[in-house]
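Chemist: First, the structure itself, so that you have it in front of you.
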Amino acid sequence: NGTFPLGGGKLPFEAIAPVPRTVDTVTVPRGYRWDPIIRWGDPIFADAPDFDVENQSGVAQARQFGYNCDYLNVISDGGNDRSGYLVCNHEYTNENIMFSDAFRAANPKEVVDVALAAHGFSVVDLKRDKQGQPWSYVRAGRRNRRITGHTPFAVSGPAAGSDLLKTADDPTGTVVEGTLNNCAGGTTPWGTVLSGEENFNQYFRGNGSPEHARYGIGSGATGRGWETVYDRFDLRNAEYANEGNRFGWIVEIDPEDPTSTPVKHTALGRFKHEAGTCVLAPSGQAVVYSGDDERHDYVYKFVSSRTFIEGDKEHNKRLLEDGTLYVARYHGNSPAAEITGNGDLPADGAFDGHGEWVPLVRGTESLVPGMSTEEVLVFTRLAADRVGATKMDRPEDLETNPVTGKVYLALTNNSRRTAVDEANPLTANRDGHIVEMVEAGNDHAAETFSWNILMLCGDPSRSTRTYFSGYPADKVSPISCPDNIAFDSLGNLWISTDGQPGTLGLCDALHKVTVDGPNRGRVEQFLAVPRDAETCGPVIHDRDDSVFVAVQHPGEDGSWGAHTSLWPDQLPAGGPVQVGDKVAAPRPSVVQVTRTSGNRSATIK
Ligand code: FEO
Ligand code: CA
Ligand code: CA
Ligand code: CA
Numbered sequence: 079n080g081t082f083p084l085g086g087g088k089l090p091f092e093a094i095a096p097v098p099r100t101v102d103t104v105t106v107p108r109g110y111r112w113d114p115i116i117r118w119g120d121p122i123f124a125d126a127p128d129f130d131v132e133n134q135s136g137v138a139q140a141r142q143f144g145y146n147c148d149y150l151n152v153i154s155d156g157g158n159d160r161s162g163y164l165v166c167n168h169e170y171t172n173e174n175i176m177f178s179d180a181f182r183a184a185n186p187k188e189v190v191d192v193a194l195a196a197h198g199f200s201v202v203d204l205k206r207d208k209q210g211q212p213w214s215y216v217r218a219g220r221r222n223r224r225i226t227g228h229t230p231f232a233v234s235g236p237a238a239g240s241d242l243l244k245t246a247d248d249p250t251g252t253v254v255e256g257t258l259n260n261c262a263g264g265t266t267p268w269g270t271v272l273s274g275e276e277n278f279n280q281y282f283r284g285n286g287s288p289e290h291a292r293y294g295i296g297s298g299a300t301g302r303g304w305e306t307v308y309d310r311f312d313l314r315n316a317e318y319a320n321e322g323n324r325f326g327w328i329v330e331i332d333p334e335d336p337t338s339t340p341v342k343h344t345a346l347g348r349f350k351h352e353a354g355t356c357v358l359a360p361s362g363q364a365v366v367y368s369g370d371d372e373r374h375d376y377v378y379k380f381v382s383s384r385t386f387i388e389g390d391k392e393h394n395k396r397l398l399e400d401g402t403l404y405v406a407r408y409h410g411n412s413p414a415a416e417i418t419g420n421g422d423l424p425a426d427g428a429f430d431g432h433g434e435w436v437p438l439v440r441g442t443e444s445l446v447p448g449m450s451t452e453e454v455l456v457f458t459r460l461a462a463d464r465v466g467a468t469k470m471d472r473p474e475d476l477e478t479n480p481v482t483g484k485v486y487l488a489l490t491n492n493s494r495r496t497a498v499d500e501a502n503p504l505t506a507n508r509d510g511h512i513v514e515m516v517e518a519g520n521d522h523a524a525e526t527f528s529w530n531i532l533m534l535c536g537d538p539s540r541s542t543r544t545y546f547s548g549y550p551a552d553k554v555s556p557i558s559c560p561d562n563i564a565f566d567s568l569g570n571l572w573i574s575t576d577g578q579p580g581t582l583g584l585c586d587a588l589h590k591v592t593v594d595g596p597n598r599g600r601v602e603q604f605l606a607v608p609r610d611a612e613t614c615g616p617v618i619h620d621r622d623d624s625v626f627v628a629v630q631h632p633g634e635d636g637s638w639g640a641h642t643s644l645w646p647d648q649l650p651a652g653g654p655v656q657v658g659d660k661v662a663a664p665r666p667s668v669v670q671v672t673r674t675s676g677n678r679s680a681t682i683k
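For the sequence shown, the UniProt record's numbering gives the first residue as 79, with consecutive numbering after it.
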């Protein structure tokens with residue numbers, strides 16, 4: 079993450095105690111402090127209106143920081159530790175706590191317009207006086223940009239121009255209006271950002287087709303009701319029957335060029351994309367790992383046909399147009415009878431085995447009998463069903479360890495798991511698990527891999543179904559529902575969670591996990607996010623003694639009349655709704671955690 083060189087970072091801390099779910103603040107270790115960098119509604123252009131929570135509009139929101147920040151990166155300008163930028167996406171909106179009930183009743187179309195403008199991305203310049211100090215955002219930075227539910231996206235790859243992507247607004251099937259539900263992502267070696275369009279199904283009213291059913295697009299009215307305001311969200315309209323096919327892609331944006339056209343890459347397939355972690359194979363081919371976050375869905379990777387050229391960004395920005403799309407099969411090496419469903423280790427002492435990457439499309443050629451290339455790419459779930467991919471416990475983020483090259487996969491949970499296998503060994507998997515994968519020859523372009531389970535999450539003091547690679551269970555922080563993951567420069571795995579309030583009664587958290595050496599499996603909680611929030615990001619800049627997280631959906635379980643969170647402004651309820659730039663409502667925000675004491679771990683040259 080970022081441009082900090084590898085090695086030397088430490089970020090020493092003593093694990094914090096787990097934080098009860100009703101605590102409405104960010105909790106960090108002794109010797110650290112936290113500060114919001116930017117909050118929902120903060121203006122990011124010279125001409126942007128100041129945030130006015132009681133008089134919002136779509137026009138204003140498109141000039142302000144969006145809602146529910148998720149994927150995050152913080153990148154300092156090369157050779158300069160006093161300027162940089164952050165890029166994040168905005169996954170979805172919580173209308174119940176964004177607007178008063180009276181405003182929603184009186185302004186139904188404006189509520190939809192604010193919501194569409196609050197989705198997408200923000201790119202915001204940062205500045206500070208000195209390395210190690212907190213960053214602040216630049217209101218009129220040269221890179222500042224909003225991408226929303228209306229921004230035009232070009233379509234790349236073999237399905238661009240397909241009949242399956244054409245609508246009345248776009249008879250060419252090559253230009254899509256907006257991006258929605260962008261979840262985990264990644265930054266490419268050429269400096270662009272990838273982001274997965276995840277639960278796009280919720281925005282559309284479907285027509286009951288088998289494809290809609292497989293993608294979770296219901297035929298009833300949606301909760302948001304966008305289809306009552308804009309026809310394109312109602313897929314029962316013949317003119318817009320394919321609009322839903324234009325979401326569910328990996329998108330690529332160039333955060334350094336605010337005039338660039340963002341792209342949706344059809345070569346990487348269409349599903350509820352989580353992650354979009356891009357690494358180079360030894361050949362120079364670009365490899366992108368991505369999960370499909372649904373119970374019993376699959377893990378994918380894409381390998382480009384062409385190779386990376388250092389310094390040629392225009393060439394590299396086209397690498398994801400052409401290549402091979404694979405889906406994973408995981409095979410265990412222990413007898414099936416030894417996988418009890420309760421987390422008992424099999425006789426060989428490990429949940430482990432080998433795996434295959436099964437190709438679905440190579441270049442423009444479909445390898446799935448009975449499906450065209452366009453059908454495989456647009457209805458990728460159906461293609462993967464046909465080749466017998468392994469049904470996983472909700473694949474979320476995938477990341478590669480910068481020190482060892484191993485690939486880590488967060489499986490967040492699967493309450494409906496009944497038939498177990500060695501890679502998904504728990505029935506009713508409440509707390510999720512982490513799979514470690516090693517590509518053959520440590521080559522990310524390989525077609526086979528080995529794998530093992532690093533940990534079965536949970537609270538070992540209250541569950542017998544946990545496993546921490548043999549690390550003493552009484553010495554780990556409880557952890558549940560792993561979601562976004564990241565690495566520090568030493569190759570430690572950092573796991574953010576989404577769901578601990580429901581499973582453990584705890585605020586969601588960021589944990590550091592040792593993956594190599596005698597302390598493998600050790601989990602140490604670094605921070606907790608406020609009430610009802612999910613920990614997103616995270617970004618670990620240990621060379622800079624900094625950790626960044628995107629605090630998503632604080633106060634989600636409340637209502638305008640009864641907020642459960644007032645973070646971060648903490649303007650007291652019962653008084654004025656807004657004072658200056660502070661409001662009496664929760665605001666998703668990007669937070670940085672910096673060190674206030676002790677020796678600094680390293681100095682950036
Ligand atoms: Fe948006 Fe799968 O978390
Ligand atoms: Ca085994
Ligand atoms: Ca996620
Ligand atoms: Ca999640």
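Built from N, CA and C at the ideal position, the CB exists for glycine as well.
To the nearest whole angstrom, what separates the beta carbons of T674 and G109, a pair I think is in contact under 8 Å?
Modeler: Rounded, the Cβ-Cβ distance is 6 Å, consistent with contact.
Chemist: Would W638 and S178 qualify as a contact pair, given that the criterion is a beta-carbon distance under 7 Å?
Modeler: In contact: W638 and S178 (Cβ atoms closer than 7 Å).
Chemist: Closest by CA to L272, which one among C166, A196 and G256?
Modeler: That would be C166, whose Cα lies nearest to the Cα of L272.
Chemist: Quick one: using the 10 Å Cβ neighbour count with 16 as the cut-off for buried, is T542 buried or exposed?
Modeler: That one is exposed.
Chemist: Assess contact between the region 234 to 245 and the region 188 to 203, defined as three or more Cβ pairs (one per stretch) separated by less than 8 Å. Is contact present?
Modeler: Not touching, per the Cβ criterion.
Chemist: When the Cα atoms are used, what is the spatial distance from G85 to D594?
Modeler: For G85, the predicted structure reports a pLDDT of 37, less than 50, and the residue's modelled location is therefore unreliable. A value from the coordinates is still provided. Near 15 Å, if we compare the C-alpha coordinates of D594 and G85.
Chemist: What residue range is occupied by the uninterrupted alpha helix (DSSP H) comprising P114?
Modeler: First-last for P114: Y110 to R117, but that is the beta strand (DSSP E), not the alpha helix (DSSP H).
Chemist: Quick test of your reading: G421 and L504, contact by CB under 8 Å. State the CB separation rounded to the nearest angstrom.
Modeler: At roughly 6 Å, the Cβ-Cβ gap stays under 8 Å, so G421 and L504 are in contact.
Chemist: Please report the distance separating the alpha-carbon of C535 from that of T252.
Modeler: Cα to Cα, C535 sits roughly 43 Å from T252.
Chemist: In whole angstroms, what is the alpha-carbon distance linking A663 and G615?
Modeler: Computed Cα separation, rounded: 22 Å.
Chemist: At a cut-off of 6 Å, would you count C261 as near ligand 1, judging by its Cβ distance to the nearest heavy atom?
Modeler: The answer is yes for C261.
Chemist: Just reading off the beta strand (DSSP E) that H393 is part of, what are its end residues?
Modeler: H393 -> not in any beta strand (DSSP E); alpha helix (DSSP H) instead, spanning K391 to N394.
Chemist: From H290, G284 and W304, pick the residue whose C-alpha is nearest to that of S297; which is it?
Modeler: With distances taken between Cα atoms, S297 lies closest to G284.
Chemist: Go through the residues and name those whose CB comes closer than 7 Å to any heavy atom of ligand 2, in chain order.
Modeler: So the residues near ligand 2 by this Cβ test are G410, N411, S412, P424, D426, A428, F429, D430, G431 and E500.
Chemist: Can you tell me whether DSSP reads A184 as helix, strand or coil?
Modeler: Of the three classes helix, strand and coil, the one that applies to A184 here is helix, per DSSP.
Chemist: Output the distance between the C-alpha atoms of P560 and G599, rounded to the nearest integer angstrom.
Modeler: Approximately 14 Å, taken between the alpha carbons.
Chemist: Report yes or no: is there a C-beta of chain B within less than 7 Å of the C-beta of A506?
Modeler: Reference to chain B is not applicable here, since this structure consists of a single protein chain.
Chemist: Taking one C-beta from the region 254 to 267 and one from the region 353 to 372 each time, how about it: are there three or more such pairs within less than 8 Å?
Modeler: Contact between the region 254 to 267 and the region 353 to 372 is present, because at least three Cβ pairs lie under 8 Å.
Chemist: Check whether the Cβ of E474 sits closer than 6 Å to any heavy atom of ligand 3, and report yes or no.
Modeler: Yes; taking the cut-off as 6 Å, the Cβ of E474 has a heavy atom of ligand 3 nearer than that.
Chemist: Does the pairing of the region 427 to 441 with the region 401 to 411 give three or more beta-carbon distances under 8 Å?
Modeler: At 8 Å Cβ cutoff, the stretches touch.
Chemist: Suppose you measure from the CA of V106 to the CA of L605; what does that come to, to the nearest Å?
Modeler: Between V106 and L605, the C-alpha separation is close to 5 Å.
Chemist: Give me the Cα-Cα distance between V104 and P608, rounded to the nearest whole angstrom.
Modeler: Cα-Cα distance, rounded: 5 Å.
Chemist: Could you check whether the Cβ of D375 sits closer than 6 Å to any heavy atom belonging to ligand 1?
Modeler: D375: no, Cβ never under 6 Å from ligand 1.
Chemist: Could you name each continuous beta strand (DSSP E) segment of 3 residues or more that falls completely within the region 486 to 552, going from the start of the chain to the end?
Modeler: Fully enclosed beta strand (DSSP E) runs of 3 or longer: 511 to 517 and 526 to 534.
Chemist: Considering only heavy atoms of ligand 3, does any lie closer than 6 Å to the CB of D586?
Modeler: No, ligand 3 has no heavy atom inside 6 Å of this Cβ.
Chemist: Give a single yes or no on whether D509 has its beta carbon closer than 6 Å to a heavy atom of ligand 3.
Modeler: It does not: the Cβ of D509 is nowhere closer than 6 Å to a heavy atom of ligand 3.
Chemist: So for A359, helix, strand or coil by DSSP?
Modeler: DSSP places A359 in coil when its eight states are reduced to three.
Chemist: Is it buried or exposed for G322, if we count other Cβ within 10 angstroms and need 16 for buried?
Modeler: Buried, by the Cβ-count rule.
Chemist: Restricting to Cα atoms, I'd like to know which of A414, I328, T257 and N520 is closest to Y378.
Modeler: Answer by Cα proximity: I328.
Chemist: Relative to the C-alpha of L164, which residue among N174, Q139 and G219 is closest?
Modeler: Of N174, Q139 and G219, the residue nearest in Cα terms is G219.
Chemist: Just to confirm, are V657 and E132 a CB contact at a threshold of 7 Å?
Modeler: Not in contact: V657 and E132 (Cβ atoms no closer than 7 Å).
Chemist: Go ahead and label P550 buried or exposed: buried means 16 or more other beta carbons lie within 10 angstroms of its beta carbon, across all protein chains shown.
Modeler: It is exposed - the Cβ of P550 has fewer than 16 other Cβ atoms within 10 Å.
Chemist: Can you give the Cα-Cα distance for L423 and L460, rounded to whole angstroms?
Modeler: Their backbone Cα atoms lie some 33 Å apart in a straight line.
Chemist: I need the DSSP call for N677, collapsed to helix, strand or coil.
Modeler: Bear in mind that a pLDDT of 43 at N677, under 50, signals an unreliable position, so the model cannot answer this.
Chemist: If I measure Cβ to Cβ from K469 and keep anything under 6 Å in the same chain, skipping five residues before and after, which residues do I get?
Modeler: Excluding sequence neighbours, K469 sits near H374.
Chemist: For T496, count neighbouring Cβ atoms within 10 angstroms of its own Cβ and tell me buried if that reaches 16, exposed if not.
Modeler: The residue is exposed, with fewer than 16 neighbouring Cβ atoms inside 10 Å.
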